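In this note's numbering, the protein residues as written are 15 to 569.
Yeah, the Cβ is synthetic: ideal placement off N, Cα and C, and Gly gets one too.
Please read all numbers here as calculations on a predicted model, not as lab measurements.
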């Protein structure tokens, strides 16, 4: 098992939902992941947290050179400083009922050696011995990781005001640079959504990702993958550059929140089994390539591979499932995402959206066509964003203003990429559909696909704006939220202590007794997904789609 205090982590959720989770949970040894893609949101959070610590906030203007990376670096440094101060305060607090230090140890898993030492201290009556054990416990206190996520597909080029391309100034690369320059230590960069060669090549520019000794990294690389093949390909690519992947984070293709990168029917059970059987082979293969690359760069080589952790996330909902994944598949950590949306002590969700999450049933969460990326996207019905979108459509003004432009990727009508959720694109596309004189049914079908698209840059940011009463964008206050299907089985807001008790089997927060095992739920999701694929109308059959059914049958 992992040497971390806890056996679970909180994955990145949306843009706002885990934007400040480390400030809330890192002091208790819990690792969480911040999205660093939306710099306007990060600037807003800088303003909030400088006020929180009673220090002057100095805005970083969009007119400044490299403003995006500067915002990211400063925010991460600020979060790191807050967590360090929290840890120092916690470490010096008194072991008494209700204190922060007691909360830290009470939340640990019961099978951890530190928790057992804590119980020993509690049961010790000798005053001198008790003090010795208390001091020993204080020295074991370890903060959770302040980790960050870059979604590799979000890598829009950026230009100067004169229209000149900014070298190494794309969204993903500037975010990487902002993270690399931060003072975060023992932190991880979680790369998701597949391989981006431009971004992967740029990692090589930073010594912060180099090993300082066996298994010792200032900043580690974690790659979120859907299967073993993806891990091997991406791991090899980075190893050839002398970059070590410290963790492969396996996420279910469909039983997850946010964007769903579905496999062709490959399920979590067999995928985890392959990782279990080939874990040593994966480590050995990558280490040979990695060491050769270090030698070619005249860097210090290593006699033994650095550790590679394997973690799993997506739809996990009970202690028994957590234990099964840890004990049978030997994963180092399990990711718990959607259930933590109901834990205000851990995530940032506005009150109205929180009430929607509490009432959410299976029918309310669906795999939508709403993302401008063209990737299936889990969506909760009834949000303010959903309402505003329909309101604009009813007034004959579909689409969004597109102020952020992080998801621009379409050049169907324009030389410069635009976002398919933008009013500009939707107007052009609707006019094109009208000109085609399609049969009524097909026209309505194609029109709905256009109108479904939703601005995620703003919708996934606004929860923090509402929660902290900080302005984000004037008149654009609607909220989108993208929980996984698992949220239907959790129906009340709970404390951080209650959720950790649930994860470790000390309590049960599942409110629907008909919940199936995580693997069965995933199977049903894939059956539904396949049914929708084969019944979809008006779709040109390409080679990939042609192979989907045989792949599902053989996987």
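### Query
How long is the line joining the alpha carbons of residue 395 and residue 377, rounded to whole angstroms?
Distance between the alpha carbons of residue 395 and residue 377: 9 Å.
### Task
Identify every residue that forms a DSSP beta bridge with residue 265.
Bridge partners of residue 265: 327.
### Task
Starting from the N-terminal side, write out each stretch of the beta strand (DSSP E) that is 3 residues or longer and does not extend beyond the region 330 to 386.
347 to 349, 379 to 382, all fully within the region 330 to 386.
### Task
Could you tell me which uninterrupted alpha helix (DSSP H) segments, each at least 4 residues in length, are contained entirely in the region 264 to 322, listed from first to last along the chain?
The region 264 to 322 contains these whole alpha helix (DSSP H) runs: 282 to 310.
### Query
residue 48 CB to nearest chain C CB: under 8 Å?
Going by chain labels, chain C is absent from the structure shown, which holds only one protein chain.
#### Entry: In DSSP terms, what residue 161 is bridged to
Note: residue 161 sits in a beta bridge opposite 47.
### Query
When the Cα atoms are used, what is the spatial distance from residue 66 to residue 183?
Rounded to whole angstroms, residue 66 to residue 183 spans 31 Å at the Cα level.
### Task
Please report the Cβ distance between residue 24 and residue 17, rounded to the nearest whole angstrom; I am assuming they are in contact, meaning their Cβ atoms lie under 8 Å.
The Cβ separation is near 18 Å, so there is no contact.
### Query
Along the chain, which unbroken stretches of the beta strand (DSSP E) at least 3 residues long are found entirely within the region 162 to 232?
Within the region 162 to 232, the complete beta strand (DSSP E) runs of at least 3 residues are 201 to 206, 225 to 227.
### Task
Could you pull out every residue in the same chain whose Cβ sits closer than 6 Å to the Cβ of residue 415, ignoring the five residues on either side in sequence?
Contacts found: none.
### Query
Applying the criterion that 16 or more other CB atoms from any shown protein chain within 10 Å of the CB defines a buried residue, is residue 247 buried or exposed?
By the 10 Å Cβ count, residue 247 comes out exposed.
### As assigned by DSSP and simplified to three states, the class of residue 236
DSSP places residue 236 in strand when its eight states are reduced to three.
### Message
Beta-carbon within less than 6 Å of residue 345's beta-carbon, same chain only, minus the 5 sequence neighbours each way: which residues are those?
### Response
For residue 345, where only same-chain residues beyond five positions count, the Cβ hits under 6 Å are 324, 325, 326, 339.
#### Entry: the region 534 to 552 touching the region 274 to 286, judged by at least three CB pairs closer than 8 Å
Of all C-beta pairs linking the region 534 to 552 to the region 274 to 286, three or more are shorter than 8 Å, placing the two stretches in contact.
### Task
Would you check if the region 154 to 168 and the region 38 to 53 touch, i.e. whether three or more CB-CB distances between them fall below 8 Å?
Output reads yes: the region 154 to 168 touches the region 38 to 53.
### Query
Which residue comes first and which comes last in the beta strand (DSSP E) that contains residue 391?
Where residue 391 is concerned, the enclosing beta strand (DSSP E) starts and stops at 391 to 394.
### residue 385 versus 468, 120, 93, 242, residue with shortest Cα-Cα distance
The option with the nearest alpha carbon to residue 385 is 468.
### Neighbourhood of residue 15 by C-beta, 8 Å cutoff - its chain only, sequence neighbours within 5 removed
Note that residue 15 scores 36 on pLDDT, short of 50, meaning its location in the model is unreliable and no value can be drawn from it.
### Task
Compute the Euclidean distance between the alpha carbons of residue 459 and residue 496, then round it to the nearest angstrom.
Distance between the alpha carbons of residue 459 and residue 496 is about 24 Å.
### Query
Which ranges would you report for the alpha helix (DSSP H) in the region 239 to 263 if only whole runs of at least 4 residues count?
Taking 4 residues as the shortest admissible run, the region 239 to 263 contains the following complete alpha helix (DSSP H) segments, listed from N- to C-terminal end: 242 to 253.
### Task
Please name the residue in 436, 107, 194 whose C-alpha comes closest to that of residue 152.
Looking at the Cα atoms, 107 is the closest of the given residues.
### Task
Classify residue 52 as buried or exposed, calling it buried when 16 or more other Cβ atoms lie within 10 Å of its own Cβ.
Counting C-beta atoms within 10 angstroms of its own C-beta, residue 52 has 16 or more neighbours from the protein chains shown and is therefore classed as buried.
### Query
Excluding the five sequence neighbours on either side, which residues of its own chain have a C-beta within less than 6 Å of the C-beta of residue 288, listed in chain order?
Contacts found: 242.
#### Entry: Three CB pairs or more closer than 8 Å across the region 442 to 450 and the region 502 to 516
Using a C-beta cut-off of 8 Å, the region 442 to 450 makes no contact with the region 502 to 516, since fewer than three inter-stretch Cβ pairs fall below that distance.
### Query
Cα-Cα, which of 348, 532, 457, 388 is closest to residue 514?
Considering only alpha carbons, the answer is 348.
### Query
Between the C-alpha atoms of residue 29 and residue 175, what's the straight-line distance to the nearest angstrom?
For residue 29 and residue 175, the distance between alpha carbons rounds to 27 Å.
### residue 181 versus 208, 542, 213, 430, residue with shortest Cα-Cα distance
The shortest C-alpha to C-alpha distance from residue 181 to any of 208, 542, 213, 430 is the one to 213.
### Task
Compute the Euclidean distance between the alpha carbons of residue 365 and residue 319, then round it to the nearest angstrom.
If you take the alpha carbons of residue 365 and residue 319, they lie about 47 Å apart.
#### Entry: Neighbour-count burial assignment, residue 440, 16 or more Cβ in a 10 Å radius
Classification of residue 440: buried, given that the 10 Å Cβ count is 16 or more.
### For residue 119, the first and last residue of its enclosing alpha helix (DSSP H)
Run containing residue 119: 114 to 120, per the alpha helix (DSSP H) assignment.
### Query
Do you know how far the Cα of residue 387 is from the Cα of residue 434?
Straight-line measurement puts the Cα of residue 387 at about 8 Å from the Cα of residue 434.
### Task
Using a threshold of 8 Å, state whether the C-beta atoms of residue 236 and residue 198 are closer than that.
No, the pair does not count as a contact, with Cβ atoms beyond the cut-off.
### Message
Rounded to the nearest angstrom, what separates residue 454 and residue 334 at their Cα positions?
### Response
In this structure, the CA atom of residue 454 is about 51 Å from the CA atom of residue 334.
#### Entry: Span of the alpha helix (DSSP H) around residue 516
Segment 510 to 517, the alpha helix (DSSP H) holding residue 516.
### Nearest-angstrom beta carbon gap, residue 189 and residue 166 [assumed within contact, 8 Å]
Rounded, the Cβ-Cβ distance is 10 Å, inconsistent with contact.
### Task
Could you please give the first and the last residue of the uninterrupted alpha helix (DSSP H) stretch that includes residue 23?
Careful: residue 23 lies outside any alpha helix (DSSP H), inside the beta strand (DSSP E) at 22 to 24.
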